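Student: The structure follows.
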Amino acid sequence: RKEVEQDPGPFNVPEGATVAFNCTYSNSASQSFFWYRQDCRKEPKLLMSVYSSGNEDGRFTAQLNRASQYISLLIRDSKLSDSATYLCVVNYNFNKFYFGSGTKLNVKP
Amino acid sequence: EAQVTQNPRYLITVTGKKLTVTCSQNMNHEYMSWYRQDPGLGLRQIYYSMNVEVTDKGDVPEGYKVSRKEKRNFPLILESPSPNQTSLYFCASSPHGADTEAFFGQGTRLTVV
Chain A
1 RKEVEQDPGP FNVPEGATVA FNCTYSNSAS QSFFWYRQDC RKEPKLLMSV YSSGNEDGRF
61 TAQLNRASQY ISLLIRDSKL SDSATYLCVV NYNFNKFYFG SGTKLNVKP
Chain B
1001 EAQVTQNPRY LITVTGKKLT VTCSQNMNHE YMSWYRQDPG LGLRQIYYSM NVEVTDKGDV
1061 PEGYKVSRKE KRNFPLILES PSPNQTSLYF CASSPHGADT EAFFGQGTRL TVV
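Shown next as structure tokens:
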């Protein structure tokens, strides 16, 4: 079983839509959680860290559910520029990041 | 500018010809790591280093070597490349370990024929 699993998508949504992605992780000892964004085979870049209480950054909201071992990313009022692949990343032993395979989002005019 | 620099960005080579991909960071980060990214498999860790002279295997270390003689540099060495090492490679660094933001290089697209 993969450490981190994501729905690969693609999610095709119109501009202005709200879209949500989930990501599940297998190790209950996981400590740190992140969402990264990757554009078209470029380097991944941090979108936001995910905190236990949930956190928001503009149109983006991240939630953590430790009991069910998943994290989520909600994007409101989608923009064309949000089109990318979103990577879920988890850490539990300080030495390694575990990456999901990514969820592809296409925002259409 | 704070950055992770990889070179080369693109490389086509032949089976068995040793090559090195360089990675350098200017942020004084202790933690550095190498990943390969293949379609449908996501990023898989090859090697990582917690500090100078401290390196360890990741999930897919076979066929690769690394060294960390200086804090800023973490080269990836393919002693005898094979076609199954054709991939997109990323180097990344973090301040102390894998519990904070990772900063990635721009990637190296390697083709082994």
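Protein chains in written order, with our numbering: chain A, 1 to 109; chain B, 1001 to 1113. Ideal placement from N, C-alpha and C gives every residue a C-beta, glycine not left out. Computed from a predicted structure; not experimentally measured.
Can the beta-carbon of A:V19 be found less than 7 angstroms from the beta-carbon of A:S78?
Tutor: Along the first sequence, one-based indexing puts residue 19 of chain A at 19. Along the first sequence, one-based indexing puts residue 78 of chain A at 78. Cβ distance < 7 angstroms, so A:V19 and A:S78 count as in contact.
Student: Find the nearest neighbour of A:L80 within the set A:Y70, A:D39, A:S30 and A:S32, judged by alpha-carbon distance.
Tutor: As a first step, residue 80 of chain A must be located in the first sequence, where it is residue number 80. Out of A:Y70, A:D39, A:S30 and A:S32, A:D39 has the C-alpha closest to the C-alpha of A:L80.
Student: Going by beta carbon distance, what residues of the same chain come within less than 7 angstroms of A:A17, once the five residues before and after it are set aside?
Tutor: Mapped onto the first sequence, residue 17 of chain A falls at position 17. So the list reads S78, once near-sequence residues are dropped.
Student: With a floor of 3 residues, list each beta strand (DSSP E) that falls wholly inside the region 66-96 of chain A, ordered by position along the chain.
Tutor: The qualifying runs are 70-75 and 84-91.
Student: Give the C-beta separation of B:Y1064 and B:L1078 to the nearest angstrom, bearing in mind that I take them to be a contact with Cβ-Cβ under 8 angstroms.
Tutor: Residue numbering aside, residue 1064 of chain B sits at position 64 when the second sequence is read from its first letter. Residue numbering aside, residue 1078 of chain B sits at position 78 when the second sequence is read from its first letter. B:Y1064 to B:L1078, Cβ: 6 angstroms. Contact.
Student: Going along the region 49-74 of chain A in order, which residues come within less than 9 angstroms of chain B, judged by CB to CB distance?
Tutor: So the close ones are S49.
Student: Tell me whether the region 8-17 of chain A and the region 1049-1061 of chain B touch, counting them as touching only if at least three CB pairs, one residue from each stretch, are closer than 8 angstroms.
Tutor: No: the two stretches stay apart, fewer than three of their Cβ pairs being nearer than 8 angstroms.
Student: At a CB-CB cut-off below 9 angstroms, which residues of chain B make contact with A:R41?
Tutor: In the first sequence, residue 41 of chain A corresponds to position 41, counting from 1. Residues of chain B passing the Cβ test: Q1037, L1088, G1107 and R1109.
Student: Under the rule that 16 or more other beta-carbon atoms within 10 Å means buried, what is A:Q31, buried or exposed?
Tutor: Taking the first residue of the first sequence as 1, we reach residue 31 of chain A at position 31. Classification of A:Q31: exposed, given that the 10 Å Cβ count is below 16.
Student: Among the candidates A:L105, A:R41, A:T24 and A:N12, whose CA atom is the shortest distance from the CA of A:R1?
Tutor: Mapped onto the first sequence, residue 1 of chain A falls at position 1. Nearest of A:L105, A:R41, A:T24 and A:N12 to A:R1, Cα basis: A:T24.
Student: Quick check on this structure: which residue in B:D1059, B:P1075 and B:Q1025 has the alpha carbon closest to the alpha carbon of B:E945?
Tutor: Outside the displayed span of chain B (1001 to 1113) sits residue 945 of chain B, for which this structure offers no information.
Student: Taking the beta carbon of B:E969 as the centre, do at least 16 other beta carbons fall within 10 Å, making it buried, or is it exposed?
Tutor: Residue 969 of chain B lies beyond the range of chain B shown here (1001 to 1113); nothing can be said about it.
Student: What residues in the region 1002-1029 of chain B bring their beta carbon closer than 7 angstroms to a beta carbon of chain A?
Tutor: From the region 1002-1029 of chain B, no residue has a Cβ closer than 7 angstroms to chain A.
Student: Rounded to whole angstroms, what is the Cα-Cα separation between B:N1007 and B:T1108?
Tutor: The residue given as residue 1007 of chain B occupies position 7 in the second sequence. The residue given as residue 1108 of chain B occupies position 108 in the second sequence. Rounded to the nearest angstrom, the two C-alpha atoms are 7 angstroms apart.
Student: Can you list, in chain order, the residues of its chain with a C-beta nearer than 8 angstroms to that of B:G1097? Leave out the 5 residues immediately preceding and following it.
Tutor: Taking the first residue of the second sequence as position 1, residue 1097 of chain B is located at position 97. E1030, Y1031 and M1050, listed in sequence order.
Student: Residues of chain B with CB under 7 angstroms from A:S81, in chain order?
Tutor: Taking the first residue of the first sequence as position 1, residue 81 of chain A is located at position 81. Within chain B, no residue comes near A:S81; the closest Cβ sits about 20 angstroms away, beyond 7 angstroms.
Student: Report the three-state DSSP secondary structure of A:Q31 (helix, strand or coil).
Tutor: Taking the first residue of the first sequence as 1, we reach residue 31 of chain A at position 31. Note: A:Q31 maps to coil in three-state DSSP.
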